[in-house]
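Remarks on the structure that follows.
Residue numbers (UniProt numbering): 1 to 340.
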């Protein structure tokens with residue numbers, strides 16, 4: 001019999017075997033109905049689940065017990081004709097024992113998994129709620145002085161247009177403002193109320209211009225393939241956030257590459273949708289990371305928050321769209337599809 005020395009129900013397992021043998025004797029003497037076996041099956045299932053035991057071990061033990069019982073019966077001075085109906089009853093008894101026990105065990109394990117998943121989901125929601133509250137407070141406390149600084153930098157640029165480092169400061173402040181906007185979207189305290197019709201060509205031109213210093217600094221070339229002006233209806237600032245985040249992540253990913261660093265943007269207009277593909281020739285993302293890449297608090301960066309792509313997914317789904325990632329040794333690409 002397979003049972004661990006550390007099994008908390010080890011003694012009960014022995015008692016269960018004795019109870020089963022007694023039940024079989026009463027069954028063959030027609031003193032018990034086979035359905036009365038079910039309470040014992042449920043007891044065994046509860047104990048096996050409580051011991052976190054492999055149900056396969058129970059099935060093995062049950063079949064070992066069946067074989068030993070048959071071997072003992074074959075040694076009796078009884079004809080095969082007399083033994084046959086009794087052995088058929090015993091077969092049925094063991095079959096039902098295994099069936100009802102495994103069924104109950106599966107129900108218990110399934111319920112436990114559902115409870116654990118519910119706990120994880122609730123904990124996740126609590127973390128997101130706390131993050132939202134912190135984000136709202138952080139954004140409003142941080143954005144006011146940031147806006148003032150950005151305003152003063154513009155005044156300095158107007159008074160001293162030859163100071164090139166002011167452009168660098170202005171760009172860094174814009175990047176910081178973008179990061180703050182990510183937290184703003186998570187907090188859900190500030191939302192755009194009206195959608196608008198805008199052109200993807202203009203939007204990407206604006207984003208590339210914004211990222212130009214980062215592209216030059218990282219020595220990344222960017223190729224934009226939009227065959228003709230394509231309109232999209234939605235929240236422009238939010239859609240901009242999606243593309244900007246993916247492109248900034250792509251630039252970060254390419255920093256470790258020694259060969260040519262490339263980002264390609266392809267836009268396809270299809271019958272019912274507009275599909276945007278943003279890909280880079282950076283390192284391959286492991287398959288296990290691709291599966292969880294859009295979940296909150298999941299990041300491969302040392303100083304990442306795990307919020308950016310989660311926010312991207314929220315925005316895309318808010319626009320009734322879809323977003324996916326796939327990665328191989330040649331390219332890592334993000335595909336975003338919006339309904340027309």
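Every residue, glycine too, gets a C-beta built ideally from N, C-alpha and C.
Is the CB-CB distance between residue i and residue j below 9 Å?
i: residue 347; j: residue 278; result: Residue 347 lies beyond the residue range present for the chain, which begins at 1 and ends at 340; the question has no answer from this structure.
i: residue 42; j: residue 99; result: no
i: residue 211; j: residue 248; result: yes
i: residue 112; j: residue 51; result: no
i: residue 258; j: residue 280; result: no
i: residue 105; j: residue 62; result: no
i: residue 166; j: residue 156; result: yes
i: residue 89; j: residue 27; result: yes
i: residue 222; j: residue 264; result: yes
i: residue 220; j: residue 312; result: no
i: residue 254; j: residue 287; result: no
i: residue 196; j: residue 319; result: no
i: residue 102; j: residue 55; result: yes
Closer than 6 Å by C-beta to residue i: which residues in its own chain qualify, once you throw out the five before and the five after it? Chain order, please.
i: residue 12; result: 47
i: residue 268; result: 275
i: residue 350; result: This structure cannot speak to residue 350, because the chain is shown only from 1 to 340.
i: residue 38; result: 100
i: residue 213; result: 171
i: residue 246; result: 278 and 334
i: residue 323; result: 313, 316 and 336
i: residue 148; result: none
i: residue 234; result: 195 and 319
Pop quiz: residue i and residue j are said to be a contact at Cβ under 8 Å. What is the actual Cβ separation, rounded to whole angstroms?
i: residue 316; j: residue 336; result: 6 Å
i: residue 343; j: residue 244; result: Given that the chain is displayed from residue 1 to residue 340, the structure contains no residue 343 and the question cannot be resolved.
i: residue 325; j: residue 338; result: About 17 Å; that fails the 8 Å criterion.
i: residue 198; j: residue 226; result: About 13 Å separates the two Cβ atoms, so there is no contact after all.
i: residue 108; j: residue 60; result: So it is not a contact: roughly 19 Å between Cβ atoms.
i: residue 34; j: residue 96; result: 6 Å
i: residue 66; j: residue 94; result: 5 Å
i: residue 40; j: residue 19; result: 6 Å
i: residue 53; j: residue 5; result: That pair is no contact at about 13 Å.
Going by DSSP, what residues sit across from residue i in a beta bridge?
i: residue 308; result: Answer is none; residue 308 lacks a bridge partner.
i: residue 279; result: 264 and 333
i: residue 324; result: 335
i: residue 341; result: Residue 341 lies beyond the range of the chain shown here (1 to 340); nothing can be said about it.
i: residue 197; result: 233
i: residue 269; result: 274
i: residue 225; result: 266
For residue i, collect the residues of the same chain with a Cβ closer than 8 Å to its Cβ; drop the 5 residues on either side in sequence, then sort them by chain order.
i: residue 80; result: none
i: residue 330; result: 281
i: residue 91; result: 66
i: residue 168; result: 213
i: residue 86; result: 28 and 73
i: residue 290; result: 325, 326 and 327
Taking 8 Å as the cut-off, does the CB of residue i come closer than this to any heavy atom belonging to the ligand ADP?
i: residue 222; result: The model depicted lacks the ligand ADP and carries no ligand whatsoever.
Tell me which same chain residues have a C-beta within less than 7 Å of the C-beta of residue i, skipping the five on either side of it?
i: residue 310; result: 294, 295 and 296
i: residue 340; result: 272, 273 and 274
i: residue 30; result: none
i: residue 142; result: 180
i: residue 178; result: 244
i: residue 25; result: none
i: residue 17; result: 65
Using a Cβ cut-off of 9 Å (strictly closer), state whether residue i contacts chain C.
i: residue 70; result: Absent here is chain C; the protein component of the structure consists of one chain.
Q) What are the start and end residues of each continuous alpha helix (DSSP H) run of 4 or more residues lying completely inside the segment 39-114, in chain order? A) 55-74
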